[in-house]
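Student:
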Amino acid sequence: MAVQLEFLRSILYFSGLGFAELESIKEFIFEKTVDRAEIVLLEGESAENLYFVASGVVKVFKTSVEGKEQILSIVRPGESFNDVPIFDGGLNPLSAQAMGPVLLYGIKRNDMEAIVKDHPQISLNIIKVLASRVRHLVSLVADLSFKHVIGRVAKILVEHIGGEMGRGPRLTQQEMAAMAGTAREVVGRSLKELEDAGAIKLDRHRIVITDKETLQKIVDVSY
Amino acid sequence: MAEMPVIDPQKCNGCGLCVSVCSCGALVIVNNVITIVTIVDCDWCTDCEAVCTTGAITCPFEIVIQKP
């Protein structure tokens, strides 16, 4: 499948460039097809390529020593990942995995440097992309004062238990995140932590409170 | 009938990202709008909700106490 110029135009990196410029940049782009669950990048490895998602979705995450995963962002068509190590020369700070079948457009590190030198207006686009990335990460770091968040999520569960006579209100993770003042990804991880603590069990669409006393203790510790 | 994710067709823009991440085949695009196929393999991973940019598909949780 040929790299589509119209699609390149929609990528923030290349915003404002004419078709002639995009044609010259296209020569540096290679395609990479990735299967569902395939690891595209591993944290700690040397970074060779900048990637843009052409179709599908990629999740970018860090893994703790204990194997816990923290998703930092979800990368959708038109968005990029692995920017930071390409520009600062360091190792991959994050891992990336395909959430379904994915088509990537890649640019090698040296080629990206040449592109920026030949088309300096791209620099401002890159700054804007990275600034937006920093803003998102600052917000996530603020949310990840984890001790408090898990207590807030536990409190939400305690306060929204379904009654005996009928079903209680149903909550999405996004709604719980809004109530807890945190990010959806942090709610997901909090639920897993509560399950590991034995306070709840995740059963498809149901959060089953298996130990209300433990859950309440988690609430009490955080307040 | 198994509980399935909830769709708001008015919010769906037919981008198909949810279909691409669904590993159990529960989602299809019909007339540019996402449609659920009821399927027992849906394990409520909520990836479809995570990738949706418009909030058109959601996976709400019911919170219950385990009976002794």
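If you read the sequences in order, they're chains L and Y. For the first sequence, the numbering used here assigns the number 1096 to the initial residue and increments by one for each residue that follows. For the second sequence, the numbering used here assigns the number 3 to the initial residue and increments by one for each residue that follows. For each residue, glycine too, the CB sits at the ideal point set by N, CA and C. From a predicted model like this one, the values you see are computed outputs, not experimental measurements.
1) Let me check understanding here. Comparing Cα to Cα, which of Y:I59, Y:E51 and Y:S22 lies closest to Y:Q12?
2) In the structure shown, what three-state DSSP assignment does L:S1080 receive?
3) Hey, L:S1168 and L:V1160: beta-carbon distance below 9 Å or not?
4) With contact counted as at least three CB pairs below 8 Å, one residue from each stretch, are the region 38-51 of chain Y and the region 1219-1229 of chain L in contact?
5) With C-beta atoms as the reference, is Y:V35 less than 9 Å away from Y:G16?
6) Anything in chain L within Cβ reach of Y:I67, meaning under 7 Å, just list it in chain order.
7) Residues of the region 1267-1281 of chain L with a CB closer than 9 Å to any CB of chain Y: list them in chain order, please.
8) Measuring only the C-alpha atoms, how far is L:V1303 from Y:P7?
9) Quick one: what's got a C-beta closer than 6 Å to Y:I65's C-beta in the same chain, skipping five residues either side?
10) Checking the sheet assignment: what are the DSSP bridge partners for L:R1230?
11) Would you say L:H1300 lies against chain Y (beta-carbon separation less than 9 Å)?
12) Among L:H1243, L:T1277 and L:A1249, which has the Cα closest to the Cα of L:K1296?
13) Would you mind sorting Y:I67 into buried or exposed? The rule is 16 or more other CB atoms within 10 Å of its CB.
14) With a Cβ-Cβ cutoff of 9 Å, do L:N1186 and L:S1150 count as a contact?
15) Assuming L:R1284 is part of the alpha helix (DSSP H), what are its boundary residues?
16) Can you tell me which residues form a DSSP beta bridge with L:L1297?
17) So who's on the other strand from L:E1164, going by DSSP bridges?
18) Is L:K1223 helix, strand or coil when you go by DSSP?
19) Roughly how far, in whole angstroms, is the beta-carbon of L:F1346 from the beta-carbon of L:S1190, given that I think they are within contact range, below 8 Å?
20) What are the partner residues of L:V1328, as DSSP defines its beta bridges?
21) Should L:T1277 be labelled buried (16 or more other beta-carbon atoms within 10 Å of its own) or exposed?
22) Within 9 Å of any Cβ in chain Y, is that where the Cβ of L:R1265 sits?
23) When the Cα atoms are used, what is the spatial distance from Y:I38 to Y:A28?
24) Determine, using beta carbons only, whether L:G1195 comes closer than 9 Å to chain Y.
Tutor: According to the data block:
1) Here residue 12 of chain Y corresponds to residue number 10 of the second sequence, with the count starting at 1. Of Y:I59, Y:E51 and Y:S22, the residue nearest in Cα terms is Y:I59.
2) Because chain L here runs from 1096 to 1318, residue 1080 of chain L falls outside it and cannot be looked at.
3) In the first sequence, residue 1168 of chain L corresponds to position 73, counting from 1. In the first sequence, residue 1160 of chain L corresponds to position 65, counting from 1. No, the pair does not count as a contact, with Cβ atoms beyond the cut-off.
4) no
5) In the second sequence, counting from the first residue as 1, residue 35 of chain Y sits at position 33. In the second sequence, counting from the first residue as 1, residue 16 of chain Y sits at position 14. Yes, the pair counts as a contact, with Cβ atoms nearer than the cut-off.
6) Here residue 67 of chain Y corresponds to residue number 65 of the second sequence, with the count starting at 1. Residues of chain L passing the Cβ test: I1256, I1304 and K1307.
7) T1267, Q1268, Q1269, E1270, M1271, R1279 and E1280
8) Residue mapping note: residue 1303 of chain L aligns to position 208 of the first sequence, counting from 1. Residue mapping note: residue 7 of chain Y aligns to position 5 of the second sequence, counting from 1. Cα to Cα, the separation comes out at about 18 Å.
9) Indexing the second sequence from 1 puts residue 65 of chain Y at position 63. For Y:I65, where only same-chain residues beyond five positions count, there are no Cβ hits under 6 Å.
10) The residue you call residue 1230 of chain L lines up with position 135 of the first sequence. Partner(s): none; L:R1230 has no beta bridge.
11) Start at 1 with the first residue of the first sequence, and residue 1300 of chain L comes out as number 205. Chain Y, which has a Cβ nearer than 9 Å to the Cβ of L:H1300, makes this yes.
12) Position 201 of the first sequence holds residue 1296 of chain L. Minimum Cα distance to L:K1296 is reached at L:A1249.
13) Numbered from 1 along the second sequence, position 65 holds the residue referred to as residue 67 of chain Y. Counting Cβ neighbours within 10 Å, Y:I67 comes out exposed, since fewer than 16 surround it.
14) The count along the first sequence starts at 1 and reaches residue 1186 of chain L at position 91. The count along the first sequence starts at 1 and reaches residue 1150 of chain L at position 55. Looking at the sequence provided, one finds Leu at residue 1186 of chain L rather than Asn. No, these two residues do not count as a Cβ contact at 9 Å.
15) As a position in the first sequence, residue 1284 of chain L is number 189, starting the count at 1. R1279 to D1291 is the extent of the alpha helix (DSSP H) around L:R1284.
16) Along the first sequence, read from residue 1 onward, the residue named residue 1297 of chain L stands at position 202. Note: L:L1297 sits in a beta bridge opposite L:I1302.
17) As a working mapping, residue 1164 of chain L is identified with position 69 in the first sequence. In the DSSP output, where bridge partners are listed per residue, L:E1164 has L:T1158.
18) Looking up residue 1223 of chain L in the first sequence gives position 128. In this structure, L:K1223 counts as helix in the three-state DSSP scheme.
19) Beyond the ends of chain L as shown, which are 1096 and 1318, falls residue 1346 of chain L; an answer cannot be given.
20) Here chain L covers residues 1096 to 1318 and nothing more, so residue 1328 of chain L does not appear.
21) For the purposes of this step, residue 1277 of chain L is taken as the residue at position 182 of the first sequence. Buried, by the Cβ-count rule.
22) Sequence index remark: in the first sequence, residue 1265 of chain L carries index 170 (1-based). Judged by the 9 Å Cβ criterion, L:R1265 is in contact with chain Y.
23) As a position in the second sequence, residue 38 of chain Y is number 36, starting the count at 1. As a position in the second sequence, residue 28 of chain Y is number 26, starting the count at 1. Computed Cα separation, rounded: 6 Å.
24) By 1-based counting over the first sequence, the position of residue 1195 of chain L is 100. It does: the Cβ of L:G1195 has a partner Cβ on chain Y nearer than 9 Å.
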